[in-house]
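Visitor:
Residue numbers (the UniProt record's numbering): 1 to 95.
(1) How about residue 43 and residue 53: do their beta carbons lie closer than 8 Å?
(2) First and last residue of the alpha helix (DSSP H) that includes residue 55?
(3) With residue 39 as the anchor, note down where its alpha helix (DSSP H) starts and where it stops.
(4) Please confirm whether residue 71 and residue 45 have their CB atoms less than 8 Å apart.
(5) Quick check on the DSSP output: the beta strand (DSSP E) that includes residue 20 runs from which residue to which?
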């Protein structure tokens, strides 16, 4: 399983914020240290569907599993299945 726990945004040519990089790990109990581009993560998810989730940290429970991450239109990462053509990984912290 791959867990994403932070995202980095940049502005596209239209001035909209889009995900450019993500921090990920294979371990639920540790903060992510690996960094990849959004394109690398999209390619991974397309080859390994159902293997990527978000995760969140809080002081009371530690790390907890979040939502499944899906690819929309081979360009966007989302945690919901509504098919909107935009990135949406919930409330993950930025780096």
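Yeah, the Cβ is synthetic: ideal placement off N, Cα and C, and Gly gets one too.
Guide: Looking at the atomic coordinates:
(1) The residue labelled residue 43 in the question sits at position 43 within the chain shown. The residue labelled residue 53 in the question sits at position 53 within the chain shown. No, they are not a contact pair.
(2) Position 55 of the chain shown holds residue 55. Where residue 55 is concerned, there is no enclosing alpha helix (DSSP H), although the beta strand (DSSP E) it sits in stretches over 52-58.
(3) If you number the chain shown from 1, residue 39 lands on position 39. The continuous alpha helix (DSSP H) containing residue 39 extends over residues 38-47.
(4) Within the chain shown, residue 71 is the residue found at index 71, counting from 1. Within the chain shown, residue 45 is the residue found at index 45, counting from 1. Yes, they are a contact pair.
(5) Position 20 of the chain shown, counting from 1, holds the residue named residue 20. Unbroken beta strand (DSSP E) run through residue 20: 17-25.
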